[in-house]
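Structure first, commentary second.
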Amino acid sequence: MELIPKIEGVDPHDAEAVDRVFAAVAAQPIACCNWPEAYPYAPKVAFRIFHTGAWLMLRFEVEERYTAARVAEDNGRVWTDSCVEFFFAPGDEAGYYNFETSCIGRMLVGYRRTHADAVHASEQIMRRILRTPTIGSEPFDEQLGDNSWQMTLAIPPEALFRHSVDDWSGMEARMNLYKCGDELSRPHFLSWRPIAAAKPNFHLPEFFGRVKFEQ
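Heads up: take any position in the sequence shown, counting from 1, add 1, and you land on my numbering.
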């Protein structure tokens with residue numbers, strides 16, 4: 002079981018403090034290329050994660066050749082752009098949350114028990130999730146080059162809007178993290194934990210990894 006460290010006293014609005022803490026947290030690769038014959042392209046992707054009790058702090062670091070951000074609204078089709086994703090199931094529940102964020106910070110948040118039955122987060126919940134992209138927040142068409150970007154998320158426990166949670170401390174859960182770009186010139190589907198499925202599908206909680214939030 003992976004332990005998510007607790008680091009208290011970090012203000013998610015203080016960018017310099019957040020950077021200092023993330024620099025001391027180990028990066029973990031999102032490098033499982035589960036469908037290499039159909040989708041061999043694999044950008045370099047990693048994440049760093051910790052929590053403060055009041056916030057789950059998550060940073061994605063991406064190096065890729067193809068980057069696009071066409072979706073301009075929240076709870077839109079962000080997975081078609083350069084997108085990083087965090088899927089999270091409290092405890093051993095069948096239901097799970099999906100947090101999907103494009104490179105410019107447009108976000109989709111849902112809770113579901115199957116791929117098809119999503120309930121999306123309200124605008125009020127969406128506003129509470131802090132998103133800090135390094136390449137700005139304006140949409141753009143696909144750009145080809147040596148593109149590097151980061152996405153930092155600060156997620157409060159109330160983002161788990163189908164549960165009554167007021168602190169991340171001590172929680173046990175299952176999760177997986179992903180990088181995709183369904184409508185880029187080179188579509189790709191990478192995961193933190195491997196997925197044994199015939200075709201790309203991130204909505205398979207049986208392949209989530211177990212984690213515990215430090216008390």
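By construction, the Cβ of each residue, glycine as well, lies at the ideal position given by its N, Cα and C atoms.
- Extent of the continuous beta strand (DSSP E) to which I156 belongs: F141 to I156
- Item | N-terminal and C-terminal residue of the beta strand (DSSP E) that I5 is part of | E3 to I5
- Task: Look at the Cβ atom of M152, then the Cβ atom of C104, and state whether they are nearer than 8 Å.
- Result: Between M152 and C104, the CB-CB gap stays under 8 Å.
- Query: When DSSP labels each residue in this structure, what does I50 get in the three-state scheme?
  - Reply: strand
- Message: If I measure Cβ to Cβ from A95 and keep anything under 8 Å in the same chain, skipping five residues before and after, which residues do I get?
- Response: R114 and P206
- Message: Only counting the same chain, and skipping five residues up and downstream in sequence, which positions put a Cβ closer than 6 Å to that of F203?
- Response: Y179
- Query: Helix, strand or coil for P30 per DSSP?
  - Reply: The answer is strand: DSSP assigns P30 an E or B state.
- Item | Sequence-distant residues of its chain with Cβ nearer than 8 Å to W36 (five each side left out) | F190, K200 and P201
- Query: In chain order, what residues of the same chain lie with their CB nearer than 7 Å to the CB of A31, ignoring the 5 residues before and after it?
  - Reply: At residue 31 the sequence reads Ile, which differs from the Ala that was named. The residues are V46, A47, F48, L178, Y179, K180, L191, S192 and W193.
- Is P91 near H164, with beta carbons less than 8 Å apart? yes
- Span of the alpha helix (DSSP H) holding A174? Not the alpha helix (DSSP H): A174 falls in the beta strand (DSSP E), residues E173 to C181.
- Helix, strand or coil for P206 per DSSP? helix
- Message: I'd like to confirm the pairing. Which residues does DSSP put opposite M58 in its beta bridges?
- Response: F51 and A155
- Task: Please confirm whether I126 and A70 have their CB atoms less than 8 Å apart.
- Result: no
- Query: Who are the Cβ neighbours of I156 in its own chain at under 6 Å, not counting the five residues just before and after it?
  - Reply: Hits under 6 Å: L57 and I130.
- Going by DSSP, what residues sit across from M108 in a beta bridge? For M108, which the question treats as bridged, DSSP gives the partners T102.
- Item | Limits of the unbroken alpha helix (DSSP H) element including R21 | Judged by DSSP secondary structure, R21 falls within the alpha helix (DSSP H) whose first and last residues are A16 to A24.
- Task: Could you tell me how far apart the beta carbons of T102 and V85 are, in whole angstroms, since I believe they sit closer than 8 Å?
- Result: Your pair T102 and V85 checks out as a contact, with CB atoms roughly 6 Å apart and the cut at 8 Å.
- Message: Once DSSP output is grouped into helix, strand and coil, what is the label at A199?
- Response: In this structure, A199 counts as coil in the three-state DSSP scheme.
- Please classify R113: does DSSP put it in a helix, a strand, or coil? strand
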